[in-house]
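Notes follow the structure.
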Amino acid sequence: EDQVTQSPEALRLQEGESSSLNCSYTVSGLRGLFWYRQDPGKGPEFLFTLYSAGEEKEKERLKATLTKKESFLHITAPKPEDSATYLCAVASGSARQLTFGSGTQLTVLP
Amino acid sequence: ETGVTQTPRHLVMGMTNKKSLKCEQHLGHNAMYWYKQSAKKPLELMFVYSLEERVENNSVPSRFSPECPNSSHLFLHLHTLQPEDSALYLCASSQGAIRGELFFGEGSRLTVL
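Below, the structure written as structure tokens:
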């Protein structure tokens, strides 16, 4: 059974204080790892897809990286508008659906 | 209208009521999904439709009944719900049934009294 664990559950940063969110996974044959951002009262918004270890994707202040066991979402010099819950999900060869983690709630203070 | 649109955004219903949630996607995708999101829990997949055929049903109670009349519209019919069914119900679409790049609507917040 595929498993996804995100840490920390919540993270508070000062504006400009860089940090990383972690997504650890256990799957049988990774087909893809996906990052989403979810604002309060809204649906998740797709950010990145990573397919293989060593792959990196960037978008503005966000950079996602992937190893064989985990993915990191690095946030460089965050701003208050980066505050949101970040979700990680995996697709495996054995499962017909995505497995989501519980998310990391990020708060960036001005 | 663009993206994925869900109505209503908020719904309060009694345990004996019958209501429906509606989802419409304007992205030309061929797969649509219903997810349930409860506080502090991972997203739970309820149903998947690909090319209007249900391809996934994750042991969801029969008080939830999906309907997909065409590739752009998806409904979730609700009847005799329980208070524990209170949650955010999210509709999503994708190109291909098992793709991870899902496009979500803003959700319907359901409260069952």
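Residue numbers (my numbering), protein chains in the order written: chain A, 1 to 110; chain B, 1001 to 1113. Ideal placement from N, C-alpha and C gives every residue a C-beta, glycine not left out.
Proximal residues to residue i (C-beta, below 7 Å), its chain only, five neighbours per side dropped
i, result
"B:V1012", "T1111 and L1113"
"B:Y1089", "L1021, W1034, K1036, L1076, G1107, S1108 and L1110"
"A:S19", "L11, L13 and I75"
"A:D39", "A84"
Range covered by the beta strand (DSSP E) that runs through residue i
i, result
"A:Y36", "L30 to Q38"
"A:H74", "E70 to I75"
"A:Y86", "A84 to S92"
"B:M1032", "A1031 to Q1037"
"A:Q114", "Residue numbering for chain A in the displayed model covers 1 to 110; residue 114 of chain A lies beyond these limits and cannot be assessed."
"B:H1026", "It is not in any beta strand (DSSP E) - B:H1026 carries neither H nor E in the DSSP assignment."
"B:N1057", "E1053 to N1057"
"A:N22", "S19 to T26"
"B:P1121", "Outside the displayed range of chain B (1001 to 1113) lies residue 1121 of chain B, so it cannot be described from this structure."
"A:S102", "First-last for A:S102: undefined, no H or E at that position."
"B:S1050", "E1044 to S1050"
"A:V4", "Q3 to S7"
"A:E58", "E56 to K59"
"A:E45", "E45 to L50"
"B:R1009", "Note, B:R1009: premise wrong, no beta strand (DSSP E); not H, not E."
C-alpha distance - residue i paired with residue j, whole-angstrom precision
i, j, result
"B:T1002", "B:A1092", "13 Å"
"A:S52", "B:K1018", "46 Å"
"B:H1077", "A:G16", "46 Å"
"B:S1070", "B:E1052", "The displayed chain sequence assigns Asn, not Ser, to residue 1070 of chain B. Rounded to whole angstroms, B:N1070 to B:E1052 spans 6 Å at the Cα level."
"A:V27", "A:R37", "22 Å"
"A:L73", "B:S1050", "31 Å"
"A:G54", "B:H1010", "42 Å"
"A:L13", "A:V108", "5 Å"
"B:P1042", "A:G103", "7 Å"
"B:L1117", "B:N1058", "There is simply no residue 1117 of chain B to check, as chain B begins at 1001 and stops at 1113 in what is shown."
"B:F1104", "A:S92", "21 Å"
"A:T65", "A:F48", "10 Å"
"A:G32", "A:P8", "22 Å"
"A:F34", "A:A89", "5 Å"
"B:H1029", "A:P80", "33 Å"
Spatial neighbours of residue i in its chain, beta-carbon cut-off 6 Å, leaving aside the 5 residues before and after
i, result
"A:Q105", "A10 and T85"
"B:T1007", "K1022"
"A:K117", "No statement about residue 117 of chain A is possible, as the shown extent of chain A runs from 1 to 110 and does not include it."
"B:T1080", "R1063"
8 Å Cβ shell around residue i - same chain, five flanking residues per side excluded
i, result
"A:E70", "N22, C23, S24 and Y25"
Cross-chain neighbours of residue i in chain B, by beta carbon under 9 Å
i, result
"A:F34", "G1100, E1101 and L1102"
Residue i Cβ short of 7 Å to the ligand GTP heavy atom set
i, result
"B:A1031", "As far as ligands go, the structure on display features none, and thus does not contain the ligand GTP."
Chain-ordered chain C contacts of residue i [CB-CB under 9 Å]
i, result
"B:K1040", "Checking the listed chains, one finds no chain C in this structure; the protein chains it contains are A and B."
Using a beta-carbon distance cut-off of less than 9 Å, what residues from the segment 80-95 of chain A approach chain B? L87, A89, V90, A91 and A95
Members of the segment 47-58 of chain A that neighbour chain B once the beta carbon cut-off is set at 7 Å: T49
Using a Cβ-Cβ cut-off of less than 9 Å, list which residues of the segment 94-108 of chain A approach chain B; keep chain order. A95, R96, Q97, L98, T99, F100, G101, S102 and G103
Listed in chain order, which residues of the segment 67-81 of chain A have Cβ atoms closer than 8 Å to some Cβ of chain B? none
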